[in-house]
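For the sequence shown, this note's numbering assigns the number 166 to the initial residue and increments by one for each residue that follows.
We put the CB at the ideal spot given by N, CA and C, even for glycine.
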Amino acid sequence: MTGHPMTGHPTPGHPTPGRPTPVTAAEPYSSPLPTPRPHLGHALASEWTKLISVRSTVWTLGSLVLLVVGVGLLAISQTRDENYNEMPFTTPAVFGLLIGQLSVMVLGVLTITSEHGTGLVRTTFTAAPDRYRVLTAKYLVSALACFTATAGSVFVVGVAAAIAHGGPAAGAHSGHEWVSGLAGCVYVTLLGVLALAVGALVRHSAGAIAVMIGVVTLPPVVGGILSAWQATASLGTAVLQHNAPVALMQLFGMANGGGPDTESLPGTLSQMLLITVVTGAAVAASYVVVGRRDV
Numbered sequence: 166m167t168g169h170p171m172t173g174h175p176t177p178g179h180p181t182p183g184r185p186t187p188v189t190a191a192e193p194y195s196s197p198l199p200t201p202r203p204h205l206g207h208a209l210a211s212e213w214t215k216l217i218s219v220r221s222t223v224w225t226l227g228s229l230v231l232l233v234v235g236v237g238l239l240a241i242s243q244t245r246d247e248n249y250n251e252m253p254f255t256t257p258a259v260f261g262l263l264i265g266q267l268s269v270m271v272l273g274v275l276t277i278t279s280e281h282g283t284g285l286v287r288t289t290f291t292a293a294p295d296r297y298r299v300l301t302a303k304y305l306v307s308a309l310a311c312f313t314a315t316a317g318s319v320f321v322v323g324v325a326a327a328i329a330h331g332g333p334a335a336g337a338h339s340g341h342e343w344v345s346g347l348a349g350c351v352y353v354t355l356l357g358v359l360a361l362a363v364g365a366l367v368r369h370s371a372g373a374i375a376v377m378i379g380v381v382t383l384p385p386v387v388g389g390i391l392s393a394w395q396a397t398a399s400l401g402t403a404v405l406q407h408n409a410p411v412a413l414m415q416l417f418g419m420a421n422g423g424g425p426d427t428e429s430l431p432g433t434l435s436q437m438l439l440i441t442v443v444t445g446a447a448v449a450a451s452y453v454v455v456g457r458r459d460v
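What follows is the structure, given as structure tokens:
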């Protein structure tokens with residue numbers, strides 16, 4: 166490159182022969198696509214997509230609906246108007262729900278353990294490093310799906326009972342029985358949330374499901390065994406009175422709740438408080454453990 170014709174100095178803006186071309190600072194990259202800051206709504210959309218994209222959701226919630234509605238309608242067909250003079254229209258739903266609650270717990274477990282089994286959880290936490298946000302989204306999406314399916318099934322059974330046996334012999338019915346049935350749906354939903362928390366702690370589908378089945382089915386058995394000895398009779402009675410089947414039957418209007426002593430049974434508020442405390446403790450533990458583990 167030649168210099169200036171008068172001075173012989175290099176022309177400004179042109180490289181000098183034998184010298185490297187100066188490197189200018191690169192401008193920061195700006196994506197042409199919108200890049201909003203991640204928030205809980207994104208995590209909810211992601212978890213909802215996962216939930217509705219797998220067959221386990223259809224099988225578990227579908228079996229719940231079939232059990233509650235099917236068994237409930239069968240129970241309605243075997244009752245008369247006079248039977249509802251002492252029980253709510255939602256009571257027939259509890260017979261199917263006592264079995265259908267297992268479907269809710271299985272779905273809660275699989276919501277997180279399926280990702281650990283396939284390794285997808287690594288991709289999830291890579292795409293969304295805020296693990297607490299991901300776990301919160303899982304809890305919200307799973308709880309919403311379980312509550313919607315449970316409440317919808319109970320509503321169908323309750324309306325069917327009111328239509329089939331709503332005559333004068335059925336007596337007067339108030340909205341309180343529907344509120345109590347709704348509380349029963351919340352109870353089942355909390356069992357699903359508890360199952361998800363156990364799945365987050367155990368990280369294994371079969372193990373977490375076994376734990377939840379034990380939580381629901383073993384207390385009546387253990388309570389009966391403890392009640393056989395005088396030294397543990399009071400503890401056995403407490404276990405017999407505070408368990409999921411008894412709580413559900415109480416919430417759905419079965420006065421004795423299947424308990425040994427109708428007059429000494431705890432109130433429905435006590436049952437709801439117990440499941441809330443247990444579920445809250447498990448959820449808190451899941452946040453601590455998931456935040457500290459590598460995956």
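- Here residue 318 is buried. Its C-beta has 16 or more other C-beta atoms within 10 Å.
- With respect to residue 454, residue 355 sits apart: the two C-beta atoms are not nearer than 8 Å.
- In the DSSP assignment, residue 352 falls within the alpha helix (DSSP H) that extends over 341 to 367.
- Boundaries of the alpha helix (DSSP H) harbouring residue 220: 220 to 242, taken from the DSSP string.
- Per DSSP, reduced to three states, the secondary structure at residue 295 is coil, with no helix or strand assignment.
- When DSSP states are grouped into helix, strand and coil, residue 253 belongs to the coil group.
- Cα atoms of residue 326 and residue 452: separation of roughly 42 Å, rounded to the nearest angstrom.
- If the five residues before and after residue 256 are omitted, its C-beta is found closer than 6 Å to the C-beta atoms of 417, 418, all from its own chain and listed in chain order.
- With a cutoff of 8 Å on beta-carbon distance, residue 308 and residue 299 are scored as not near each other.
- Distance from the Cα of residue 332 is smallest, within the candidate group 412, 310, 250, 267, for 250.
- The DSSP-derived three-state label of residue 207 is helix.
- Taking one beta carbon from each stretch, the region 198 to 211 and the region 221 to 235 have fewer than 3 pairs nearer than 8 Å; the two do not touch.
- Setting aside the 5 residues that flank it on each side, residue 305 is surrounded in the same chain by 209, each with a C-beta closer than 7 Å to its C-beta; the list follows chain order.
- Between the beta-carbon of residue 377 and that of residue 360 there is about 5 Å, and that keeps the pair under the 8 Å contact cut.
- Within a 10 Å sphere around the beta-carbon of residue 284 sit fewer than 16 other beta-carbons, which makes this residue exposed.
- Between residue 414 and residue 236 a beta carbon distance of about 14 Å is seen, past the 8 Å cut, so the two are scored as non-contacting.
- Nearest C-alpha to residue 369 among 282, 445, 362, 212: 282.
- An exposed status is given to residue 395, since fewer than 16 other beta-carbon atoms sit within 10 Å of its beta-carbon.
- CA-to-CA, the gap between residue 406 and residue 431 works out to about 7 Å.
- Look at the beta carbons and you see the region 263 to 277 touching the region 371 to 390: at least three pairs across the two are nearer than 8 Å.
- With fewer than 16 neighbouring CB atoms inside 10 Å of its own CB, residue 204 falls in the exposed class.
- Distance between residue 266 and residue 253, taken at the CA atoms: about 20 Å.
- Apart from sequence neighbours up to five positions away, the residues of its chain that approach residue 433 with a beta-carbon distance below 6 Å are 415, 416, ordered along the chain.
- Approximately 6 Å separates the beta-carbon atoms of residue 244 and residue 330; this is inside 8 Å, confirming the contact.
- Contact between residue 362 and residue 216 does not hold, since the beta-carbon distance rounds to 17 Å and is not under 8 Å.
- Cα atoms of residue 232 and residue 435: separation of roughly 27 Å, rounded to the nearest angstrom.
- Excluding the 5 residues flanking it on each side, residue 277 has same chain C-beta neighbours closer than 7 Å at 303, 361, 364, 365, in chain order.
- Counted as a single uninterrupted DSSP element, the alpha helix (DSSP H) harbouring residue 398 occupies residues 398 to 406.
- 8 Å or more divides the Cβ of residue 448 from the Cβ of residue 387.
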